[in-house]
Amino acid sequence: MPVNLSADIEAPSHGAAMRGAATAAFAFLYAALFAVMIGGVTGPFAIDESLYLAMADAMATRGDLAIQGNGGVDGAPSLMFALSGYGADGRIYPQYPAGYAYIAAPFYVAFGVDGLFLLNAVAGLIAIYFVRDIAQRLYRDDRIALLATALFAACTFFPTYAFAIWPHVLTLAMLLGAASAALCGAHEGRVRHPMLALSGALIAAATTVRVDSVIFFAPIFIWLRLAAAPSARLPAITFFAGAIPFLALATWFNVEKYGIATPITYGKPSDYETVMEYAPLAVSAIIAAIALIAIDISTLRAPALRLIERRATGKQGVAIAAALIIAAAPLHRPLISFAHHLWTLLIDLQAYDGDYFHDVLTRDDKGFLTTFGLPKKALLQSMPFFAIALLPIAQMLRGKDFRAASFCFLFAAAPIVFFALKQWHGGYALNMRFFFPAVPFLVILSAAAIVPQFEGSADAAKRFFLALAGGCVGLVFLQLTLIDLLPGYGVVVTTHPPLIAALALAIGAATYLHRRNAATSGALLIAAGVAVGAAGASNLNDFLLTKHMRSQSGLADAHFSATLPEGSLVISYEETRLVRTFTGGVSLFHPYEGEERHVADAIAAFDRAGRCVYVKKGEIADFVAAATGAEFISAAANASADLDWFDTLAPARPGCMFP
């Protein structure tokens with residue numbers, strides 16, 4: 020039988036060329052987005068980023084975990100900074116874990132503020148690699164892995180955080196590394212204890228950067244006990260043992276900062292960052308973990324799976340449903356509250372009924388919740404195509420792809436459940452940034468639902484991508500049209516069309532589950548394409564709005580870093596727009612309620628030392644005047660309205676008036 024050697028040689032060569040071209044195109048686009056975000060004058064997006072920048076600067080320039088003392092002025096108290104507290108030595112320490120300062124300092128030394136963006140950009144490439152790796156390990160399908168990677172990189176809010184200062188992508192890369200190591204450590208009945216220990220170590224390492232990373236011990240532990248290695252207890256113990264060194268390191272950091280020997284703390288409790296509020300949950304989790312280790316899961320797993328596969332119906336199904344309703348009845352109030360929280364964070368953030376608002380987190384004239392005056396989105400308002408993830412989850416409940424789907428489901432559920440407990444929406448962000456670790460796993464589930472729909476039709480992929488393009492262009496056109504037609508309703512116009520796409524996709528998925536045929540598969544694929552395209556457009560808009568806000572911060576910071584005299588004291592809440600001014604030698608004081616005495620002492624000390632003192636006009640100026648009895652005058656005679664921020668002590672000291 021003749022063999023066509025040329026075809027055998029050319030096909031792989033053609034495939035390699037296509038992969039090379041795709042890689043080159045991706046590298047170009049990635050570099051271009053990075054250049055766009057750091058190009059021109061840029062700065063922090065939110066006050067959190069100001070704190071991270073201050074942490075990197077303190078470690079890089081002084082080798083110090085404290086971000087501020089008394090400004091080098093005799094008699095002045097330690098000067099409070101936003102989201103910070105007094106340490107054991109009386110200086111000011113950031114509430115965020117110290118690991119970030121050590122990781123970011125080399126990038127800051129080498130490239131300044133741009134180095135902090137570069138750190139996340141590098142971590143973003145690692146995260147993309149692990150998304151593909153995890154999808155491949157779970158589903159053993161190159162198409163699912165490739166689609167999941169593309170969806171994650173292009174159709175989620177990944178670009179907004181890959182080119183940023185706050186370390187969401189940095190911790191995500193660690194968490195995805197932990198997930199990959201866990202999959203490698205427990206595969207097809209084989210256990211590799213070093214990989215499981217590495218998995219635990221990476222989660223603990225992520226905890227030294229963001230404390231909420233600690234919740235991801237739960238999904239891997241539960242997956243090991245219920246799905247991957249139910250007959251052996253040692254793998255789960257090894258997983259936890261691997262975390263000990265980095266948890267010890269986190270404890271040492273907190274002893275250095277606050278004199279508190281615990282791996283997780285924000286220092287002094289505040290209104291919204293009170294770690295101890297979660298102590299009952301932590302105790303419950305520890306008790307549940309001990310129970311899961313003590314119980315022989317292997318004896319329970321098989322009957323449970325058989326029950327799931329049979330999908331109890333008739334009298335048996337009614338009995339089970341009735342038992343669940345009766346058991347849940349005493350908890351109906353917290354369950355209803357929790358369901359409302361899930362609705363708010365997953366579907367419509369305008370349903371938020373909590374009490375966390377701020378001067379930049381407000382409701383507009385129509386009563387819609389905004390951040391910096393811009394629309395704030397729930398998860399499905401950012402990624403409506405996640406609705407199709409219901410399909411593999413439903414199939415998991417029938418026993419199909421249990422190992423893969425359960426892994427993704429547990430990892431995605433961890434942050435969603437945790438932050439829904441307090442309806443915590445993530446503060447200063449245009450989207451649900453606290454759900455970011457769930458995104459890769461929902462993307463993988465979505466890809467696992469979409470790819471099988473390509474089977475059976477030669478042009479299925481073509482129809483999907485045409486629908487994708489239509490969803491992207493259609494959303495942009497619809498929003499531009501409606502914003503002109505409905506002035507004042509920009510929030511609804513921005514957030515609700517993606518929900519329509521999500522609803523259509525959910526209906527398509529439910530229909531497909533009920534009756535699988537070519538028609539329902541085709542409809543599902545088109546709905547998925549439209550939702551994916553809408554997600555791409557929605558998140559590109561977030562990226563551009565974020566760049567705009569960074570430019571606004573950078574312009575103000577550049578102006579005041581050139582205007583404010585070095586060594587002066589500024590009392591303001593505007594760290595976001597003054598952080599380079601701060602790192603350039605100006606002392607900032609964030610006057611929290613109850614700091615009146617410290618404010619008065621700081622002003623008196625700086626004034627005695629011959630330093631200039633400035634207070635932000637408006638609410639803060641009134642607060643300071645009431646605390647000190649001092650008189651203030653405008654520091655600028657001819658400033659433009661958007662930069663006329665500060666008053667200074669009267670009579671004005673020479674050199675303290677702005678030119």
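As numbered in our numbering, residues 20 to 678 make up the sequence shown, in order. Backbone N, C-alpha and C fix where the C-beta goes; we use that ideal spot for every residue, glycine too.
Through-space distance from residue j to residue i, alpha-carbon basis
i, j, result
"A654", "Y633", "8 Å"
"F171", "C491", "16 Å"
"P744", "L399", "As displayed, the chain neither begins before 20 nor continues past 678, which places residue 744 out of reach and without an answer."
"H567", "T227", "31 Å"
"A192", "F182", "14 Å"
"I314", "A408", "31 Å"
"A521", "S476", "24 Å"
"T539", "G509", "34 Å"
"I639", "L221", "43 Å"
"L388", "P353", "24 Å"
"F177", "Y285", "27 Å"
"F625", "L668", "11 Å"
"S580", "L597", "7 Å"
"A656", "R81", "37 Å"
"N558", "A448", "12 Å"
"S659", "A197", "51 Å"
"P411", "L365", "18 Å"
"P459", "A46", "20 Å"
"D661", "K635", "13 Å"
"A621", "F665", "17 Å"
"I469", "D420", "15 Å"
"A224", "L137", "20 Å"
Contacts around residue i, its chain only, beta-carbon distance under 6 Å, and the 5 residues preceding and following it disregarded
i, result
"V551", "C174, F404 and L487"
"V274", "A280"
"S97", "G88, N89, G109, R110 and I111"
"F272", "A117"
"T42", "none"
"A164", "R151, A154 and Q155"
"P282", "L266, A269 and T270"
"D367", "A397"
CB-CB length for residue i against residue j, believed under 8 Å
i, j, result
"I195", "S232", "Rather than Ile, the amino acid found at residue 195 in this sequence is Leu. L195 to S232, Cβ: 12 Å. No contact."
"T600", "L588", "Wrong, their Cβ atoms sit about 12 Å apart, outside the cutoff."
"S401", "A554", "7 Å"
"L157", "F426", "6 Å"
"V618", "I590", "7 Å"
"G62", "R569", "6 Å"
"L564", "L380", "At roughly 15 Å, the Cβ-Cβ gap does not stay under 8 Å, so L564 and L380 are not in contact."
"A529", "A546", "Their Cβ separation, rounded to whole angstroms, is 11 Å, which puts A529 and A546 out of contact at 8 Å."
"S406", "M415", "Note that residue 406 corresponds to Ala in the displayed sequence, not to Ser. Incorrect: roughly 16 Å between the Cβ atoms, too far for contact."
Backbone secondary structure at residue i - three-state DSSP
i, result
"V210", "strand"
"V132", "helix"
"Q442", "coil"
"T179", "helix"
"T602", "helix"
"V589", "strand"
"Y112", "strand"
"T667", "strand"
"K419", "coil"
"S232", "helix"
"L543", "helix"
"T61", "coil"
"L253", "helix"
"F391", "coil"
Opening and closing residue of the beta strand (DSSP E) in which residue i lies
i, result
"K635", "V632 to K635"
"R382", "L380 to R382"
"T80", "Here T80 belongs to no beta strand (DSSP E); instead the alpha helix (DSSP H) covers I66 to R81."
"F651", "F651 to S653"
Start-to-end residues for the alpha helix (DSSP H) that takes in residue i
i, result
"G104", "Not the alpha helix (DSSP H): G104 falls in the beta strand (DSSP E), residues S103 to Y105."
"I366", "Looking at the DSSP string, I366 is not in any alpha helix (DSSP H), and its letter there is neither H nor E."
"L504", "A479 to L504"
"H195", "Contrary to the premise, residue 195 reads as Leu rather than His in this sequence. Unbroken alpha helix (DSSP H) run through L195: H187 to G204."
"T530", "G509 to H533"
"S401", "L398 to S401"
"S465", "V458 to I469"
Close beta carbons around residue i, own chain, < 8 Å, minus the five adjacent residues each side
i, result
"A101", "I66, S69, L70, Y592, E594 and H609"
"A537", "G475 and S476"
"V643", "I590, P610, V618, I622, V634, A649 and F651"
Cβ-based neighbour list, residue i, same chain, cut-off 7 Å, excluding 5 preceding and 5 following
i, result
"A248", "A205, V210 and P254"
"L217", "A200 and G261"
"T495", "According to the sequence provided, residue 495 is Val. The question's Thr does not apply to it. The residues are A556."
"A79", "A124, Y127 and V128"
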